[in-house]
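Trainee:
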Amino acid sequence: MKRLARLLPLALLLLAAPAAAGDGPKRIVSLNLCADQMLLLLVEHRRIAALSPLARDADLSPQAAAAAGLPMVAADAESVLRLAPDLVLTGAFTARASVRLLERLGVPLHEVGIVTGFADAGAELRRLAARLGASARAEMLIAGMERRLAEVARPRRPDGPRAIIYQANGIAIGRGQLSSDVLVHAGLENIAPSLGLPHGGHLPLETLIRAGPDILILESYRPDLPSLAQALLRHPALGIYAGSARQVAISSALWTCPGPWAVEAVARLAAAGGAR
Amino acid sequence: MKPLSPILALAALLLFALSLAAGPGGVVDVGLLRAALADASSSEALILFEIRLPRALLGLMVGASMGLAGAALQGLLRNPLAEPALIGVTASAALGAVIAFYFGFAAAFAFALPAGGMAGALIAILLIYALAGLSASIHTLILAGVAVNSIAAALTSLALNLAPSPYAAAEILFWLLGSLADRSMEHVRLAFAPVLAGLALLAFTGRALDALTLGEEVAASLGINLRLLQARIVLGSGLAVGAVTSVVGSVGFIGLVVPHLLRPLAGQQPGRLLLPSALGGAALALAADLLVRLLSGAQELRLGVFTALLGAPFFLWLVIASRREAAP
Numbered sequence: 026m027k028r029l030a031r032l033l034p035l036a037l038l039l040l041a042a043p044a045a046a047g048d049g050p051k052r053i054v055s056l057n058l059c060a061d062q063m064l065l066l067l068v069e070h071r072r073i074a075a076l077s078p079l080a081r082d083a084d085l086s087p088q089a090a091a092a093a094g095l096p097m098v099a100a101d102a103e104s105v106l107r108l109a110p111d112l113v114l115t116g117a118f119t120a121r122a123s124v125r126l127l128e129r130l131g132v133p134l135h136e137v138g139i140v141t142g143f144a145d146a147g148a149e150l151r152r153l154a155a156r157l158g159a160s161a162r163a164e165m166l167i168a169g170m171e172r173r174l175a176e177v178a179r180p181r182r183p184d185g186p187r188a189i190i191y192q193a194n195g196i197a198i199g200r201g202q203l204s205s206d207v208l209v210h211a212g213l214e215n216i217a218p219s220l221g222l223p224h225g226g227h228l229p230l231e232t233l234i235r236a237g238p239d240i241l242i243l244e245s246y247r248p249d250l251p252s253l254a255q256a257l258l259r260h261p262a263l264g265i266y267a268g269s270a271r272q273v274a275i276s277s278a279l280w281t282c283p284g285p286w287a288v289e290a291v292a293r294l295a296a297a298g299g300a301r
Numbered sequence: 039m040k041p042l043s044p045i046l047a048l049a050a051l052l053l054f055a056l057s058l059a060a061g062p063g064g065v066v067d068v069g070l071l072r073a074a075l076a077d078a079s080s081s082e083a084l085i086l087f088e089i090r091l092p093r094a095l096l097g098l099m100v101g102a103s104m105g106l107a108g109a110a111l112q113g114l115l116r117n118p119l120a121e122p123a124l125i126g127v128t129a130s131a132a133l134g135a136v137i138a139f140y141f142g143f144a145a146a147f148a149f150a151l152p153a154g155g156m157a158g159a160l161i162a163i164l165l166i167y168a169l170a171g172l173s174a175s176i177h178t179l180i181l182a183g184v185a186v187n188s189i190a191a192a193l194t195s196l197a198l199n200l201a202p203s204p205y206a207a208a209e210i211l212f213w214l215l216g217s218l219a220d221r222s223m224e225h226v227r228l229a230f231a232p233v234l235a236g237l238a239l240l241a242f243t244g245r246a247l248d249a250l251t252l253g254e255e256v257a258a259s260l261g262i263n264l265r266l267l268q269a270r271i272v273l274g275s276g277l278a279v280g281a282v283t284s285v286v287g288s289v290g291f292i293g294l295v296v297p298h299l300l301r302p303l304a305g306q307q308p309g310r311l312l313l314p315s316a317l318g319g320a321a322l323a324l325a326a327d328l329l330v331r332l333l334s335g336a337q338e339l340r341l342g343v344f345t346a347l348l349g350a351p352f353f354l355w356l357v358i359a360s361r362r363e364a365a366p
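Chains as they are written, first to last, in my numbering: chain A, 26 to 301; chain B, 39 to 366.
#1: Do the stretch 84-95 of chain B and the stretch 139-147 of chain B make contact, defined as three or more Cβ pairs closer than 8 Å?
#2: Among G158(B), R227(B), R93(B), P202(B), whose alpha-carbon lies nearest the alpha-carbon of N187(B)?
#3: Considering only DSSP beta bridges, list what L114(A) is partnered with.
#4: Are the stretch 176-186 of chain B and the stretch 44-64 of chain B touching by the rule of at least three beta carbon pairs closer than 8 Å?
#5: By how many angstroms is the C-alpha of L253(A) removed from the C-alpha of L294(B)?
#6: So, helix, strand or coil for Q192(A), using DSSP?
#7: Ignoring anything shorter than 4 residues, give me the alpha helix (DSSP H) runs that lie fully in the stretch 139-194 of chain A, in order along the chain.
#8: Quick one: what's got a C-beta closer than 7 Å to L263(A)'s C-beta in the same chain, skipping five residues either side?
#9: If you measure from the beta carbon of Q88(A) to each beta carbon in chain B, is any gap under 8 Å?
#10: Are the C-beta of I265(A) and some C-beta of chain B separated by less than 8 Å?
#11: If you drop the 5 nearest sequence neighbours on each side, which residues of the same chain put their C-beta closer than 8 Å to that of S203(B)?
#12: Can you pull the chain A residues whose beta carbon is under 8 Å from the beta carbon of L84(B), in chain order?
#13: Give me the residue from S222(B), P41(B), A120(B), M99(B) with the minimum Cα distance to A170(B).
#14: Would you identify the three-state DSSP class for H224(A), choosing helix, strand or coil?
#15: According to a CB-to-CB cut-off of less than 9 Å, which residues of the stretch 75-108 of chain A neighbour chain B?
#16: Please state whether DSSP places L106(B) in a helix, a strand or coil.
#17: Pull up the DSSP beta-bridge partners for A148(B), would you.
#18: Given a cut-off of 8 Å on the beta-carbon distance, is the pair V98(A) and S104(A) in contact?
#19: Return the CA-CA distance between L200(B) and V136(B), expressed in angstroms with no decimal places.
#20: Rounded to the nearest angstrom, what separates V137(A) and Q62(A) at their Cα positions?
#21: Is S222(B) close to chain A, meaning its C-beta is less than 8 Å from at least one C-beta of that chain?
#22: Which residue or residues does DSSP assign as beta-bridge partners of L243(A)?
#23: Buried or exposed: which applies to P183(A), given that a residue is buried once 16 or more other Cβ atoms fall within 10 Å of its Cβ?
#24: I need the straight-line Cα distance from R116(B) to L164(B), nearest angstrom please.
#25: Along the chain, where does the alpha helix (DSSP H) containing A197(B) start, and where does it finish?
#26: For F143(A) and D206(A), what's the separation of their Cα atoms in angstroms?
#27: Any beta carbon of chain A sitting closer than 8 Å to that of P118(B)?
#28: Please list, in chain order, all residues of the same chain as I234(A) whose beta carbon is under 7 Å from its beta carbon, the five residues on each side excluded.
#29: Return the CA-CA distance between L328(B) and R221(B), expressed in angstroms with no decimal places.
#30: List the residues of chain A that F352(B) touches, going by C-beta distances under 9 Å, in chain order.
#31: In chain order, what residues of the same chain have a beta carbon less than 8 Å from the beta carbon of A238(B), not counting five sequence neighbours either side?
#32: Nearest chain B C-beta to L243(A) closer than 8 Å, yes or no?
#33: Which chain B residues sit within Cβ distance under 7 Å of A193(A)?
#34: Is the beta carbon of A109(A) closer than 8 Å to that of R52(A)?
#35: Got a sec: is the Cβ-Cβ distance from Q255(A) to anything in chain B below 8 Å?
#36: Assign E338(B) to one of three DSSP states: helix, strand, or coil.
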């Protein structure tokens, strides 16, 4: 009986939804970082009930400042239900058990897909916007991004700069990620596939140095916090090899999730590549 | 066996050279060595001196430390199962190092890392002494070792979970199983002095250990200062094992396997076993690291996996053999 009573407001909201279809959901909860970003771009803040905790992390979230004023929610079913949302945005890696529970309880869900580059970034944005009733806004954003991308993108030259993205723990980025797509649009050649890592993976330090990339992008999360994973990126051998000439610093926030900031990353890398 | 030490020294030297020549996947490329020695500013030289050399040196250091400490502890405790990892010294060293590294002490002051390891190691040895005493039975020593190992492992896991860095929790494998990968000359510099000091303290205890086999009273009557001997072995093991564990993680079983394998060849005197154990340990560690490079796929295999694969069955065999001795 108590359970039914708790579900009643949700049921009422769901019944009321068709009548307000034009405006879209009014109490949106997001449990995924990239869903947070898209939400902040597409709808007014008063329609956002809560964002994921990562939204406030300036090292990962490009709109951390905007997210600072909004409530946060942990990704467990009980916390989410307490907010009585009319739409919950999840990602591919949101805790499966929690998502399934919410589904069983009839909460409207929308899963934001994994973006592998600028092409499907637009598609995901449109798909979400349709659900939110913000399609016009989405089209404006996508048009703006495409315009800016056309401005800053560089074509691939056969003798162009060879680059690699090297993360903590020695993970190199392969093809099929937003970051690798940024590299390609900046006119750089990602050497990870040629080193036997077409989908990325662990790259021994030795192999990296022998490959001799022109541009080294070291990416790690919170480098100020000590860890062995982080310490690898400060290995003296890498320091001597990279010096100051070959290193480019790009914040993870710029290419973890698709958006106008990723286009700015293209601009930055294109400039770095052009300087060689 | 007269030429035991020279043969082991040669083996260690050969494995050291092989370790310098081997790259990822165990591929030996002599061209790289030639290019490295020809041009000191080349990327090959960078690889040889900044990546491979520290790896090989740390292999020598961890093997020698564990082998020598194992032989010395077995002589002192007159117990065939005494070795740094089995009695919890290595795990406690790892705990000390984890606290020093992840909570900012090593960032502020580089030597805090080996210092943490040494502190952990020394506390463990003193704890073992308190629990098991100087001439404890095999069972008492093992129980004490299990206790110290459990506490250290649990606290290490807790420390890693509480550490501020999000990468920390996943790094427990490094601390529990050890690895020589991606080490730098910085690590060698940090551990070098304490390891050398520890080895020096342990190396010259041979005569005293030989006398100890005749019993404490006889040894004392021969002029052996038992307290001093204990202090030297405790301090020496703590320094060497603590420092090297703080930079390569826990590498177990070398101190158990090597002295046992070499004992019949060195005669039954503990004193004669010290130098061969150090050299044999160094050779074993380097050989295991070569296997690591040869057999690692996408995921790096840990050094401790190979020493455990060798050491654990050996340990079981020792237990069975000791039971057979006990039961007439």
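Note that the Cβ used here is the ideal one computed from N, Cα and C, for glycine as well.
Mentor: Here's the rundown:
#1: The stretch 84-95 of chain B makes no contact with the stretch 139-147 of chain B; the number of CB pairs closer than 8 Å stays below 3.
#2: Taking the second sequence and counting its residues from 1, the one referred to as residue 187(B) is at position 149. Here the closest residue by C-alpha is G158(B).
#3: Taking the first sequence and counting its residues from 1, one reaches residue 114(A) at position 89. Beta-bridge pairing links L114(A) to S55(A), H135(A).
#4: Verdict: no, contact absent.
#5: Along the second sequence, read from residue 1 onward, the residue named residue 294(B) stands at position 256. Along the first sequence, read from residue 1 onward, the residue named residue 253(A) stands at position 228. Across the structure, L294(B) and L253(A) are spaced so that their CA atoms are roughly 28 Å apart.
#6: Numbered from 1 along the first sequence, position 167 holds the residue referred to as residue 192(A). Strand, per DSSP.
#7: For the stretch 139-194 of chain A, the full-length alpha helix (DSSP H) segments reaching 4 residues or more read 143-157, 160-177 along the chain.
#8: Working through the first sequence from its first residue, we reach residue 263(A) at position 238. L230, listed in sequence order.
#9: By 1-based counting over the first sequence, the position of residue 88(A) is 63. Using a Cβ-Cβ cut-off of 8 Å, Q88(A) does not count as an interface residue toward chain B, since no Cβ of chain B sits closer than that to its own.
#10: Here residue 265(A) corresponds to residue number 240 of the first sequence, with the count starting at 1. Yes, I265(A) lies at the interface with chain B (some Cβ there is under 8 Å from its Cβ).
#11: Position 165 of the second sequence, counted from the start, is the residue given in the question as residue 203(B). Excluding positions up to five away in sequence, the list reads Y140.
#12: Position 46 of the second sequence, counted from the first residue, corresponds to residue 84(B). Simply I234, A262, I265, Y266.
#13: Along the second sequence, read from residue 1 onward, the residue named residue 170(B) stands at position 132. Of the listed residues, the one whose Cα sits closest to A170(B) is A120(B).
#14: Here residue 224(A) corresponds to residue number 199 of the first sequence, with the count starting at 1. Assignment of H224(A) by DSSP, reduced to helix, strand and coil, places it in the coil class.
#15: Nothing from the stretch 75-108 of chain A brings a Cβ to less than 9 Å from some Cβ of chain B.
#16: Translated into the one-based positions of the second sequence, residue 106(B) becomes position 68. L106(B) sits in a helix when the DSSP states are folded into three classes.
#17: As a first step, residue 148(B) is located in the second sequence; it is residue number 110 there, counting from the start. In the DSSP assignment, no residue is bridged to A148(B).
#18: As a working note, residue 98(A) is residue 73 in the first sequence. As a working note, residue 104(A) is residue 79 in the first sequence. A contact, by the Cβ cut-off of 8 Å.
#19: Reading the second sequence from its first residue, position 162 is the one you call residue 200(B). Reading the second sequence from its first residue, position 98 is the one you call residue 136(B). The alpha-carbon of L200(B) is positioned some 11 Å away from that of V136(B).
#20: Here residue 137(A) refers to the residue found at position 112 of the first sequence. Here residue 62(A) refers to the residue found at position 37 of the first sequence. Taking the straight line from one Cα to the other gives about 11 Å.
#21: Taking the second sequence and counting its residues from 1, the one referred to as residue 222(B) is at position 184. Cβ-Cβ to chain A under 8 Å: yes for S222(B).
#22: Numbered from its first residue, the first sequence carries residue 243(A) at position 218. Beta-bridge pairing links L243(A) to Y191(A).
#23: Along the first sequence, read from residue 1 onward, the residue named residue 183(A) stands at position 158. Exposed is the call here.
#24: On the second sequence, position 78 is the one that residue 116(B) refers to. On the second sequence, position 126 is the one that residue 164(B) refers to. Their Cα atoms are separated by approximately 17 Å.
#25: Your numbering for residue 197(B) matches position 159 in the second sequence. Segment 176-200, the alpha helix (DSSP H) holding A197(B).
#26: Position 118 of the first sequence, counting from 1, holds the residue named residue 143(A). Position 181 of the first sequence, counting from 1, holds the residue named residue 206(A). If you take the alpha carbons of F143(A) and D206(A), they lie about 7 Å apart.
#27: Counted from its first residue, the second sequence places residue 118(B) at position 80. So no, P118(B) is outside the interface.
#28: Position 209 of the first sequence, counted from the start, is the residue given in the question as residue 234(A). Cβ-Cβ distances below 7 Å link I234(A) to A262, Y266 in the same chain, with the five nearest sequence neighbours on each side left out; the list follows chain order.
#29: Position 290 of the second sequence, counting from 1, holds the residue named residue 328(B). Position 183 of the second sequence, counting from 1, holds the residue named residue 221(B). When rounded, the distance between both Cα atoms is 15 Å.
#30: What you label residue 352(B) is simply residue 314 of the second sequence in a count that begins at 1. Residues of chain A with a Cβ closer than 9 Å to the Cβ of F352(B) do not exist, since the nearest Cβ in that chain sits about 29 Å away.
#31: As a first step, residue 238(B) is located in the second sequence; it is residue number 200 there, counting from the start. Taken in chain order, the residues that qualify are G274.
#32: To locate residue 243(A), count along the first sequence from 1; it is residue 218. No, its Cβ sits nowhere closer than 8 Å to a Cβ of chain B.
#33: Taking the first sequence and counting its residues from 1, the one referred to as residue 193(A) is at position 168. Near A193(A) (Cβ distances below 7 Å), the residues of chain B are Y205.
#34: Numbered from 1 along the first sequence, position 27 holds the residue referred to as residue 52(A). Numbered from 1 along the first sequence, position 84 holds the residue referred to as residue 109(A). Taking 8 Å as the Cβ cut-off, R52(A) and A109(A) qualify as a contacting pair.
#35: Sequence index remark: in the first sequence, residue 255(A) carries index 230 (1-based). So, interface residue.
#36: Position 300 of the second sequence, counted from the start, is the residue given in the question as residue 338(B). Three-state result, E338(B): coil.
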